[in-house]
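K.L.:
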Amino acid sequence: MIAYKFLGAGGVGPFSGFAWPLPRGRSAGPWVEATPSLCSSGIHACLVSDLPYWLNSELWEVELDDPVRSTRKLVAGRGRLLRRVEAWNRDAMCAFAASCAERTAALADGSDALAGYSADTAVFAARGQASAAAFVSARAAETASGPAGYDAERERQARWLADRLGLCT
Amino acid sequence: MKLADDLTCADLVELVTEYHEGALSPPDRQRFEEHVVFCEGCASFLDQMRSTLTVLGRITEEDFAPETMDELLRAFQEWRRE
Chain A
5 MIAYKFLGAG GVGPFSGFAW PLPRGRSAGP WVEATPSLCS SGIHACLVSD
55 LPYWLNSELW EVELDDPVRS TRKLVAGRGR LLRRVEAWNR DAMCAFAASC
105 AERTAALADG SDALAGYSAD TAVFAARGQA SAAAFVSARA AETASGPAGY
155 DAERERQARW LADRLGLCT
Chain B
5 MKLADDLTCA DLVELVTEYH EGALSPPDRQ RFEEHVVFCE GCASFLDQMR
55 STLTVLGRIT EEDFAPETMD ELLRAFQEWR RE
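Chains as they are written, first to last, in this note's numbering: chain A, 5 to 173; chain B, 5 to 86.
1. Under three-state DSSP, which class holds A:Val89?
2. Could you work out which residues of chain B lie near A:Phe139, taking near to mean beta carbons separated by less than 7 Å?
3. Counting only Cβ pairs nearer than 7 Å, list the residues of chain A close to B:Gln52.
4. So that I know if they touch, is there some Cβ in chain A lying closer than 8 Å to that of B:Glu18?
5. Check B:Phe49 in the structure and name its three-state DSSP category.
6. Under 8 Å between beta-carbons, which chain B residues line up against A:Trp64? List them in chain order, please.
7. Given A:Tyr154, which residues of its chain have a CB within under 8 Å of its CB, disregarding the five upstream and five downstream residues?
8. Mind checking who A:Ser74 pairs with in its DSSP beta bridge?
9. Pull up the distance between the alpha-carbon of A:Ala130 and that of A:Leu68, whole angstroms please.
10. Taking all protein chains shown into account, do 16 or more other C-beta atoms lie within 10 angstroms of the C-beta of A:Gln133, making it buried, or fewer, making it exposed?
11. Would you check if the stretch 155-167 of chain A and the stretch 92-106 of chain A touch, i.e. whether three or more CB-CB distances between them fall below 8 Å?
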């Protein structure tokens, strides 16, 4: 199965600190194996719909062997990096953060309760802090319309990413 | 995740040892990691903890001079009293 995985700079896992073996040229990276156990071990990746929860500096397309779907993630016993999604770069992060700030500003229009969220999102967007802007934007939506609002905003963010980055959904 | 389920930065600091030891339940681990994604301060803290564990994880009791060990034990005992 083809899925997506955010990594830190240089292909390093943000939680494990594991330095992923990178693809060379047009060849996929070598397979990496780990005992699949939800959250604690295994090869973790996600679907496009889950991307907004795991933003980081590098986005990779990965191949997973027989993954299991869990809340906002996939876990498998084996996976390998196929290619880096080059379109996820500094410009895209800033544009994504700006879209979150615009969305929050629109929600906050005329609402004192949401003004703080809007101000925070604008600051994060100005700094290019995409993950923080996305989170606050979703929280603003939840404050405005309950948990369904949070989910709807995360879905909007996922659609934005899929469109901008040309990802298969 | 609902607003009430959010971890604060202080919660995360309290849970970091259990996180590294794999002692958190899957939902708590997920909340922990989702917080780290959007909070740069906690991401840095987690990095520092990982680096510290990597370095200190190689040290055994035999690596300490007896007087250093006494000093450490004294410091821990005083910390507990506080």
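Built from N, CA and C at the ideal position, the CB exists for glycine as well.
P.N.:
Well, looking at it:
1. A:Val89: coil per DSSP, three-state reduction.
2. Phe42
3. Per Cβ cutoff of 7 Å: no residues; B:Gln52 is ~12 Å from chain A at best.
4. no
5. helix
6. Neighbours of A:Trp64 on chain B: none; closest Cβ ~16 Å, over 8 Å.
7. Contacts found: Ala142, Arg143, Ala145 and Glu146.
8. A:Lys77
9. Whole-angstrom Cα-Cα distance: 36 Å.
10. buried
11. yes
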